[in-house]
Every structure is written in C-alpha cells, then in structure tokens.
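To start, the structure under review is shown below, and the notes come after it.
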Amino acid sequence: MLNSQFTASLQAHAEDKPLLVFLHGFLGAGDDFHTVSKYLPNYNKLFIDLPGHGQSQSIQSTSFSDVCRLIHSTILKCIETQNLSATVPICLVGYSLGARLSMYFLCEYEGADNQLLPLTMAGVVIEGGNFGLCSEHARQDRFANDLAWAHRFKNDDIAEVLGDWYQQPVFSSLNHEQRQDLIAKRSVNLGDKLSHMLMTTSLAHQPNLLPKIQQLRFSNGNRPLYIVGERDTKFTALAQDSNLDFKVIAGAGHNVHKEQPKAFASVLLSYLEQMGLNPKEKLE
1 MLNSQFTASL QAHAEDKPLL VFLHGFLGAG DDFHTVSKYL PNYNKLFIDL
51 PGHGQSQSIQ STSFSDVCRL IHSTILKCIE TQNLSATVPI CLVGYSLGAR
101 LSMYFLCEYE GADNQLLPLT MAGVVIEGGN FGLCSEHARQ DRFANDLAWA
151 HRFKNDDIAE VLGDWYQQPV FSSLNHEQRQ DLIAKRSVNL GDKLSHMLMT
201 TSLAHQPNLL PKIQQLRFSN GNRPLYIVGE RDTKFTALAQ DSNLDFKVIA
251 GAGHNVHKEQ PKAFASVLLS YLEQMGLNPK EKLE
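Under full-length UniProt numbering, the first residue of the sequence shown carries the number 1, and numbering increases by one thereafter.
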C-alpha cells in the first residue's frame with residue numbers, strides 16, 4: 001500500500017459526492033495538488049505518493065499493473081479507514097505520469113482478474129497525459145531515451161540531472177526561477193528509486209490507450225476529460241487530435257495545476273457538475 005493523505009470535505013453531507021483521487025507526475029508527490037485542494041473544500045480528497053516518490057520512495061513496483069494494484073489497495077484502505085461507503089464514486093485526477101496510470105487503471109487494469117474489491121469509477125481527468133506510442137520504432141526510441149535518463153538518475157548528482165531534465169521541450173514554458181524552485185524541491189528524491197520507477201512505467205512499455213479512452217463511458221454517462229495548458233504545444237496537439245472532451249487553460253504550460261490552480265479547479269468543478277452528483281458550486 002502507498003503513502004497517502006486524506007482531506008475530508010468541510011461539508012457535513014458529502015456522501016453522494018465522488019472521492020477525488022489525485023495522482024502526481026514523475027518526480028512529484030501527492031502534496032503537489034494541495035494548491036488545487038483549497039478550491040475544492042466540499043469534496044473528500046485522497047493524495048497518493050506513487051512508488052519511488054515522496055513518502056512511498058521505499059516502495060518499488062514491477063509493472064503498470066503492479067502500480068495500479070497499489071493504487072487500488074490504497075483507495076480501498078482510505079474508504080475503510082474514513083468509513084466511506086463501499087460504493088462511493090471515484091474520480092481519478094492524474095497529471096503526466098499520474099494521468100498515464102489513471103488511463104491504464106481504467107482501460108487495462110480495472111477489467112483484469114484480481115482479488116481486490118471493485119471500485120465505483122465515476123470519472124477521470126487527464127492532465128497532460130500521453131496516450132501511448134503507435135509504432136515499434138517510436139517505442140524503441142523512447143526506451144533508449146528513458147534508459148539514458150534512468151542511468152543518470154541512478155549514477156549522477158540528482159541536482160545536476162534535474163537541471164538537464166527541466167530543459168526538455170515539454171518544460172519550455174518555465175522561467176529560470178521556476179526551474180530552480182523545481183530543482184530544489186525535487187532534489188530530496190532518491191535517484192536510484194526514480195530510476196527504477198522511470199523504467200517500470202516507461203512510455204515504451206505502455207500500450208496505446210487512446211482507442212479505449214475514446215470509448216470509455218461511466219455509469220453516469222460521463223466521458224473522460226483532458227486538461228492541457230495553452231503553452232504546452234505538444235500536448236495541446238494531442239488533445240485536439242484525441243476526439244476527447246478537452247479544456248485548454250490560458251497562461252499555463254505542461255503543469256497546469258501548479259501554474260494555474262484556480263483555473264484548473266474551476267474546470268474540475270464543472271466536470272464534477274456534469275456527473276449529476278453535486279449542485280453547482282462557485283470558487284471562493
């Protein structure tokens with residue numbers, strides 16, 4: 001089971017509302033979403049530290065399915081510990097790696113034969129998540145790239161590696177100060193643990209999930225929602241070509257929830273309203 005933090009709704013009767021489960025990106029931790037949390041006071045929220053990250057850094061996993069099983073058991077433990085209904089609706093909110101794991105959870109893992117109790121899935125919000133690669137050549141290239149980064153995380157000074165990591169095109173919207181802040185915050189991670197998780201969840205090992213995501217419908221009729229920052233040109237193009245419902249957030253790059261937390265929360269609240277599980281709410 002993974003380390004997690006539960007934040008209870010400030011509303012007296014939130015039984016009918018979904019439990020929001022937040023899954024962070026590579027190098028992050030569950031508390032990355034705390035800037036969004038304050039705009040969602042009337043929801044129960046679960047912030048999970050993925051394997052190799054945060055307070056789960058000593059936990060290792062072997063595959064996408066293994067990580068999803070850990071996420072599944074962590075959600076079940078939260079439901080039990082907090083005395084929530086066994087059928088409480090779950091809405092996954094995942095960023096980057098967390099988004100890819102959310103999609104895998106719903107499209108590949110959830111239907112697999114396992115011994116854990118099923119969850120009542122009610123929605124998924126995909127923030128800057130890659131659906132998967134379409135060709136063997138692309139997968140081979142990605143594997144070689146991830147392997148090189150994994151080697152560096154395992155063997156080199158982590159601050160130096162992070163300095164290069166945040167120079168990648170996907171982070172081009174960051175200014176110098178933002179990069180330095182991220183390097184300082186992420187340097188507490190253990191390089192060998194990150195190396196292992198990077199290879200375990202490499203995009204090279206992920207199937208192309210887009211066809212299944214496009215067909216995904218929840219019991220309330222809700223579809224998946226894709227959120228992307230306007231400055232994230234790569235993932236904006238992915239969203240536009242996906243045939244999914246998507247929202248482009250102004251003034252944000254790849255990490256929308258960090259750069260524009262209020263706008264992110266506003267879109268998330270609108271999505272939750274579409275579930276028919278809650279009255280219309282306004283941001284304070």
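Idealized CB from N, CA, C, for every residue including glycine.
Fair warning: this is a prediction, and the values are worked out from it, not measured in the lab.
Item                                                                                                       : Value
Buried or exposed (CB count within 10 angstroms, at least 16 for buried), N189                             : buried
Which of helix, strand or coil DSSP assigns to P169                                                        : helix
Identified DSSP bridge partners for F6                                                                     : L46
Pair within 7 angstroms by beta-carbon distance, V125 and H254                                             : no
Neighbourhood of Q167 by C-beta, 6 angstroms cutoff - its chain only, sequence neighbours within 5 removed : none
Within 7 angstroms, strictly: CB atoms of V36 and A265                                                     : yes
C-alpha distance - M121 paired with I90, whole-angstrom precision                                          : 5 angstroms
D232 - DSSP class collapsed to helix/strand/coil                                                           : coil
CB-CB length for L210 against F153, believed under 8 angstroms                                             : Not a contact, Cβ separation roughly 28 angstroms.
Presumed contact (8 angstroms Cβ cut-off) between L116 and S73, rounded CB distance                        : 6 angstroms
Within 7 angstroms, strictly: CB atoms of F256 and E127                                                    : For the record, residue 256 in the displayed sequence is Val; it is not Phe. Contact flag set, yes.
Contacting residues, own chain, Cβ-Cβ under 6 angstroms from Y43 (five flanking each side not counted)     : S9, K17 and L20
Contact set for T200: own chain, Cβ-Cβ below 6 angstroms, skip 5 residues either direction                 : S61
Length of the line joining the Cα atoms of F22 and L70                                                     : 14 angstroms
Identified DSSP bridge partners for L23                                                                    : I48 and G94
Element boundaries [beta strand (DSSP E), containing M121]                                                 : T120 to E127
Proximity to G25 [Cα-Cα], best of N220, L182 and D241                                                      : L182
N- and C-terminal bounds of the alpha helix (DSSP H) containing F153                                       : E136 to N155
DSSP three-state assignment for P89, whether helix, strand or coil                                         : strand
Euclidean distance between Cα positions of R223 and D245                                                   : 7 angstroms
Residue from E230, Q206, L27 and K262 whose Cα sits closest to the Cα of F131                              : Q206
Rounded C-alpha distance that separates L27 from T87                                                       : 32 angstroms
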